[in-house]
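The numbering used here numbers the first residue of the sequence shown as 15 and each following residue consecutively.
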Amino acid sequence: MPIPSFRTRFVLIQTSHAGNVGAAARAMKVMGFDDLVLVAPRWANVLRREETIQRASGALDVLEKARIVETLDEALDGMTHLCATAMTPRDFGPPTRTPREHFDLLLKKERLAHEPQGQEAEKTSNLEPGQGIAFLFGSERFGMRNEDVYRCHVALSIPTNPKFGSLNLGAALQVIAYDWRLALGGYGVQAATAPPVLADVPQVAGMLAHLEQALTAIGFLDPAAPKKLMPRLNALFNRAELTQEEIHILRGVAKAMLETAEKAKG
Numbered sequence: 015m016p017i018p019s020f021r022t023r024f025v026l027i028q029t030s031h032a033g034n035v036g037a038a039a040r041a042m043k044v045m046g047f048d049d050l051v052l053v054a055p056r057w058a059n060v061l062r063r064e065e066t067i068q069r070a071s072g073a074l075d076v077l078e079k080a081r082i083v084e085t086l087d088e089a090l091d092g093m094t095h096l097c098a099t100a101m102t103p104r105d106f107g108p109p110t111r112t113p114r115e116h117f118d119l120l121l122k123k124e125r126l127a128h129e130p131q132g133q134e135a136e137k138t139s140n141l142e143p144g145q146g147i148a149f150l151f152g153s154e155r156f157g158m159r160n161e162d163v164y165r166c167h168v169a170l171s172i173p174t175n176p177k178f179g180s181l182n183l184g185a186a187l188q189v190i191a192y193d194w195r196l197a198l199g200g201y202g203v204q205a206a207t208a209p210p211v212l213a214d215v216p217q218v219a220g221m222l223a224h225l226e227q228a229l230t231a232i233g234f235l236d237p238a239a240p241k242k243l244m245p246r247l248n249a250l251f252n253r254a255e256l257t258q259e260e261i262h263i264l265r266g267v268a269k270a271m272l273e274t275a276e277k278a279k280g
């Protein structure tokens with residue numbers, strides 16, 4: 015089943031520390047999100063403050079695109095699903111769930127809602143666009159107001175150490191952004207180097223012949239009674255799936271063995 019498309023927005027309400035805005039931008043960018051809205055932050059110029067820029071650490075494009083609004087209503091324009099982030103359970107309001115639990119439920123519901131039925135299956139090829147999910151974060155000192163939590167569909171609670179659940183705003187946003195990106199499919203791990211090139215059969219055969227010559231030269235292999243040494247080495251190297259670079263290394267070893275054997279004769 016395809017994953018429904020969502021527009022994703024992160025909303026920071028009355029943020030008081032400029033550094034947290036920069037940290038939020040950085041956390042968003044590494045997870046592939048860039049829609050950031052600030053509601054009545056402490057600093058009117060928070061997006062240009064030095065601390066914000068330093069903590070963003072390369073996510074300046076997110077800061078440049080970010081918007082500052084006066085009310086939460088403005089920040090939620092176009093959003094269809096609201097997620098509060100409330101670490102303190104409330105006896106009234108939306109259900110409290112962990113991010114992964116809620117994302118699984120949300121995506122399952124959306125898949126079922128858009129699953130083609132009967133003859134309509136042949137006509138339906140794309141999901142309806144325009145769905146918007148917003149993650150709301152309250153001020154560092156007081157968290158989210160009850161009235162803001164009540165208007166949300168869910169209160170997300172990050173499972174933390176019961177004895178110490180205090181999370182920095184940037185860290186909390188990073189966890190939720192990661193879980194949401196994972197739910198949407200995630201990113202593959204990018205290799206630091208190019209994939210190795212395996213040696214072909216002639217290269218392995220050439221290396222084995224070179225090694226056989228070297229083993230004979232140092233007296234390890236008796237040509238008159240070789241038994242099954244070379245076939246066993248052949249099987250060993252086949253299991254190892256040698257790369258071309260490894261072939262070069264082994265041939266270098268064989269060359270050094272031959273040179274040492276030649277010197278020993280002299």
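Glycine residues also receive a C-beta, built at the ideal position from the N, C-alpha and C atoms.
Does the distance from the C-beta atom of G92 to that of G179 stay below 9 Å? Not a contact, by the Cβ cut-off of 9 Å.
Determine which residues share a DSSP beta bridge with G146 and list them. In the DSSP output, where bridge partners are listed per residue, G146 has R21.
So the candidates are R56, S71, G46 and I263; which of them puts its Cα closest to the Cα of A32? Its Cα nearest to that of A32, the residue R56 stands out among R56, S71, G46 and I263.
Confirm, please, whether the CB-CB distance from F151 to T99 is below 9 Å. By the CB criterion at 9 Å, T99 and F151 fall inside the cutoff.
By how many angstroms is the C-alpha of E124 removed from the C-alpha of F156? Distance between the alpha carbons of F156 and E124 is about 33 Å.
Beta-carbon proximity of V51 to E78, cut-off 9 Å: No, these two residues do not count as a Cβ contact at 9 Å.
Output the distance between the C-alpha atoms of K279 and L235, rounded to the nearest integer angstrom. Roughly 17 Å between the two C-alpha positions.
Using C-beta distances below 8 Å, list every residue in its chain close to T274, excluding the 5 sequence neighbours before and after it, in chain order. Excluding sequence neighbours, T274 sits near I232.
Rounded distance between the beta-carbons of M42 and A191, thought under 8 Å: Indeed they touch by this definition, with Cβ atoms about 6 Å apart.
Contacting residues, own chain, Cβ-Cβ under 6 Å from T112 (five flanking each side not counted): Excluding positions up to five away in sequence, the list reads P173.
Can you have a look at N34 and say buried or exposed, based on whether 16 or more other CB atoms are within 10 angstroms of its CB? When all chains shown are included, N34 counts as buried.
Near A73, what residues of its chain come up, given a Cβ to Cβ distance below 6 Å and the 5 sequence neighbours on each side ignored? Within the same chain, Cβ atoms closer than 6 Å to the Cβ of A73 are found at A39, R40 and K43, the five residues on either side in sequence being excluded.
Who are the Cβ neighbours of R195 in its own chain at under 8 Å, not counting the five residues just before and after it? Same-chain partners within the cutoff: M45, G46, F47 and Y201.
Do the region 21–31 and the region 54–70 make contact, defined as three or more Cβ pairs closer than 8 Å? The region 21–31 vs the region 54–70: in contact.
Taking all protein chains shown into account, do 16 or more other C-beta atoms lie within 10 angstroms of the C-beta of V203, making it buried, or fewer, making it exposed? So V203 counts as exposed.
Give the DSSP-derived three-state secondary structure of L141 in the structure shown. Reliability of the predicted coordinates at L141 is poor, the pLDDT of 36 falling under 50, and no value is obtained from them.
Where F20 and N160 are concerned, what is the direct C-alpha to C-alpha distance, given to the nearest angstrom? Between F20 and N160, the C-alpha separation is close to 26 Å.
Just to confirm, are F285 and V218 a CB contact at a threshold of 9 Å? The question about residue 285 has no answer here: the residues shown for the chain are numbered 15 through 280.
Out of I82, P176 and Q258, which one is the CA nearest neighbour of L61? In terms of Cα proximity to L61, the closest of I82, P176 and Q258 is I82.
Member of R63, E276 and L96 whose CA lies at the smallest distance from the CA of Q227: Looking at the Cα atoms, E276 is the closest of the given residues.
Spatial distance of L170 from K177 (CA atoms): Using only the alpha carbons, I get a separation of about 19 Å.
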